[in-house]
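According to numbering that gives the first Met the number 0, the sequence shown is numbered sequentially starting from 0. Don't be surprised by glycine CBs; every beta carbon is placed ideally from N, CA and C. Everything numeric in this text was worked out from a predicted model, so none of it was measured. Take a look at the structure below.
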Amino acid sequence: MATFLYKLGRLAFRRRWYFALIWVTLLVLAGVGAATASKSTNNDFSIPGTEAQQAFDLLEKRFPGNNEQNASARVVFKAPEGQKLTDAKNKAAVEKVLGELKRGPQVASVIDPFQGNAVNKPAETTGYASAAYKVKSTDLTEDSRENLKDAAQHGRDAGLTVEVGGSVLQEMPEGGSEAIGIAVSAVVLLITFGSLVAAGLPLLTAIIGVGIGVSSIAALAPVLDLSSNTSTLAMMIGLAVGIDYALFIVSRFRAELAEGREREEAAGRAVGTAGSAVVFAGLTVVIALAGLAVVNIPMLTKMGMAAAGTVAIAVLIALSFIPALLGFAGKQVLARKVRKAGPGATFGDKPNMGTRWARFVLRKPVMVLVAGVLGLGVIAVPAASLELGLPDDGAASKNTTQRKAYDLLSEGFGPGFNGPLMVITDVAGVKDAQGAAAKVHDTLTGLDNVATVTPAAFNKDGDTAILTVVPKSKPTGTETEDLVHTIRGKGASLKSDTGATVLVTGSTAMNIDVSQKLNDALLPYLALVVGLAFLLLMVVFRSVLVPLKAALGFLLSVVAALGAVVAVFQWGWLGSLFGVEETGPIMSMMPIFMVGVVFGLAMDYEVFLVTRMREAFVHGERPGQAVVTGFKHGARVVTAAAIIMMSVFAGFIGSSESMIKMIGFGLAIAVFFDAFVVRMAIVPAVLALLGKAAWWLPGWLGRILPNVDVEGEQLHKQLAHEAPAAGPVDTSADDREPSRV
């Protein structure tokens, strides 16, 4: 592989105009596709194989006019203190609000609270109106949103408390958070390289790669029913890996160039060596993201595939576009003092920070290993208290109108009113359909934790009925989850007694089923992803213990990251520092999503750092010295790459979307733990203790595994006949002032 990539790097360098034109053309085509595509996105959840989805599908089939996908609003009214909503003055104010709301350009229908039995009894202080729209929330115009806001404000002006909830308030996630990560990345790159040109190349190529990926997602969103969060995730991961992969190619090119090689040769060698690590690091990320398909939640699968595609683009850009741009940049990628020193200069023998740290770890491997494992173990403790759920308006900030509407309904109608259960009763083929539905109603009414059960509402054909069950407990409570399981448990006896099939759905039941499905899929997914990546790393490092150590280190870092997420978002520790205004259950997708993404990203640093150690060991260095060499050449660059990736992810903590905020924090803290504790401390400590055994591979296995030459051994042999480069300059890890020899 190294030989092929070497030739690719030289070709891209020579034909730089063609390669640059190809990538710019792809960016333009993707941009045109995004600009001409429909702006509609699909944020609907579907979870095949669950009862909630089965019931929802039956509901769509038997109640064809009931379009649950369109936007809806719930306008909540509360009378002034000491008054009733049914008082003439307050009732007139409500009617005025509803009259204005009905004139909204995309409003399909509005149900009056006084006619729809939507006023709390007997207090009559709180009521709500339900508004249905003709389009999805993402297709609502600004005029429709302003109409709703103006109508609510007129009610407030009349003395009522008016708040609004519902999907009508769901807007596209706010952009701009990624700019923070890019700004921090620019500073880190400038400090690392000491050259504006060298710092600018990774940023430029990462932005172009993300532009192609995100624009392609936008162009395909209407066709593939992609959610609005898909492009945000692809941007988050694409920026991080795009900058990192380009960083490693540029860093290796600088080292080759400073050793006196011609620019084309330096580009070829940089792509042939560092490019091999980029390929395999990218493959681990793609495997982890694409592996999300095993969960069988379409939205999660599409998000993973889209992000994997963006990572693949980042790899291709690093291998072909970066050497082309290096051809334009020339020696300007070197720091000014290195260019002034010239190829004949030498640098002092003072060890850099990476060398000093590696030697310290080699002297105290047990102490470093124990400290790293215990430290992450303590941080992982909160993960034992992990509570999973999907956020609703109850998790919104207390100063938002949707949270105020949620609280008003809880106060007026009970905590379970915001999470009703929809019980679908299929009576097709049942002789006494009305009697069967009545039996189901009586059974549900007699259950514990049930506040009310609405009478059965039949469809036009009379073969399906809907009963709404309002629990006494809040939607995210364990009591509500127990009630769902109890109703489903009664399904078998009701089937035998009445012939009716009883199914439970609704947002609350759907959330419960999503959590259960994700929990059931976690271990198979973990086995698949870790197993495939283990085999891949075994091919890369031609070792059994190094991939095993990499996988175990990842598990430690991801559990510690989950512990930190629980502490901040569930317990509220340091919540104000990260903009967490309301604590609650951790998003159901978070554990399996973190496992996938963090595993792929963690393997990046494993490949980049340990490949240099493997390269040194293959070329004859002792195991301990190979560890030092790996840190000497890679520690500073890996540190910069980790800081960049953390800054990109941390930039999304400022997002208004709770899902994006939590993912941004989780990935940023996971990269910190994995890069600086696991890869920089635990990995060299374990390698020091293992010694030569770390690189052991059974002979029979070595004959089976393909030799991909990731460390470039075959490439070095092929190039050995060339004349030695003049004037070595050591720019492996930093740009020091040339010493006087």
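Val422: member of the beta strand (DSSP E) spanning Leu420 to Asp425, first to last residue. Following the DSSP letters along the chain, one finds Glu162 inside the beta strand (DSSP E) bounded by residues Thr160 to Gly164.
Within the same chain, Cβ atoms closer than 8 Å to the Cβ of Val677 are found at Gly371, Leu375, Gly552, Phe553, Leu555, Ser556 and Ala601, the five residues on either side in sequence being excluded.
In the structure shown, Gly388 adopts extended strand secondary structure according to DSSP, grouped into three states.
Less than 8 Å separates the beta-carbon of Ser587 from that of Leu389. Counted as a single uninterrupted DSSP element, the beta strand (DSSP E) harbouring Thr500 occupies residues Thr500 to Thr504. Closest in alpha carbon position to Arg621, among Ala334, Ala687, Phe55 and Gly415, is Ala687. Less than 8 Å divides the Cβ of Ala532 from the Cβ of Thr283. By the criterion of a C-beta distance shorter than 7 Å, Val670 is surrounded in its chain by Leu600, Ala641, Met644, Met645 and Phe648, once the five residues flanking it on both sides are discounted.
The alpha carbon of Ile206 has as its nearest neighbour, out of Trp22, Asp86 and Ser396, the alpha carbon of Trp22.
In this structure the segment 195 to 202 lies against the segment 324 to 333, because at least three pairs of beta carbons, one per stretch, are closer than 8 Å. Per the DSSP secondary-structure output, Tyr132 pairs in a beta bridge with Val106.
Inter-segment contact for the segment 604 to 624 and the segment 135 to 155 is absent: fewer than three beta-carbon pairs are separated by less than 8 Å. When the beta-carbon positions are compared, Ala178 and Leu202 stay at least 8 Å from each other. DSSP assignment within the segment 46 to 84 yields the following whole alpha helix (DSSP H) runs of 4 residues or more, N-terminal first: 50 to 61. By the criterion of at least three beta-carbon pairs nearer than 8 Å, the segment 574 to 581 is not in contact with the segment 253 to 273.
With a minimum length of 3 residues, the unbroken runs of beta strand (DSSP E) contained wholly in the segment 449 to 520 fall at 449 to 452, 463 to 470 and 500 to 504. Per DSSP, the unbroken alpha helix (DSSP H) holding Ile286 starts and ends at Arg262 to Ala289. Taking a C-beta distance under 8 Å as the contact criterion, Ser472 and Pro414 qualify as a contact pair. DSSP places Ile585 in the strand class (E or B) of the three-state scheme. In the DSSP assignment, Ala382 falls outside any alpha helix (DSSP H) and carries neither an H nor an E. In the three-state reduction of the DSSP assignment, Thr191 falls in the helix class, which pools H, G and I. The beta carbon of Thr500 lies closer than 7 Å to those of Asp425 and Lys494 in the same chain, with the five residues before and after it left out. With the rule of 3 Cβ pairs closer than 8 Å, the segment 582 to 597 counts as touching the segment 520 to 530. In this structure, Glu80 is the residue among Gln105, Glu80 and Val96 with its C-alpha nearest to the C-alpha of Glu123.
Annotation: Val627 to Leu547 spans about 21 Å, alpha carbon to alpha carbon. Listed in chain order, the non-local C-beta contacts of Ser250 below 6 Å within the same chain comprise Val636, local neighbours out to five positions each way being set aside. Inter-segment contact for the segment 320 to 327 and the segment 13 to 30 is present: three or more beta-carbon pairs are separated by less than 8 Å.
Taking a C-beta distance under 8 Å as the contact criterion, Glu162 and Ser396 do not qualify as a contact pair.
The three-state secondary structure of Thr140, taken from DSSP, is coil. Going by C-alpha positions, Ile316 is about 41 Å away from Thr582. The residues Pro381, Ala382, Ser384, Leu385 and Ile585, in chain order, have a CB closer than 7 Å to that of Val565 in the same chain once the five nearest residues on each side in sequence are set aside. Contact check between the segment 218 to 237 and the segment 47 to 61: fewer than three CB pairs, one atom from each, fall below 8 Å, which does not count as touching. DSSP, read as helix, strand or coil, puts Gly126 in strand. In the displayed model, Val543 falls within coil according to three-state DSSP, outside both helix and strand. Within the same chain, and ignoring the five residues on either side of Ile423 in sequence, the residues whose Cβ sits closer than 7 Å to its Cβ are Ala54, Leu57, Leu58, Thr463, Ile465, Leu502 and Thr504.
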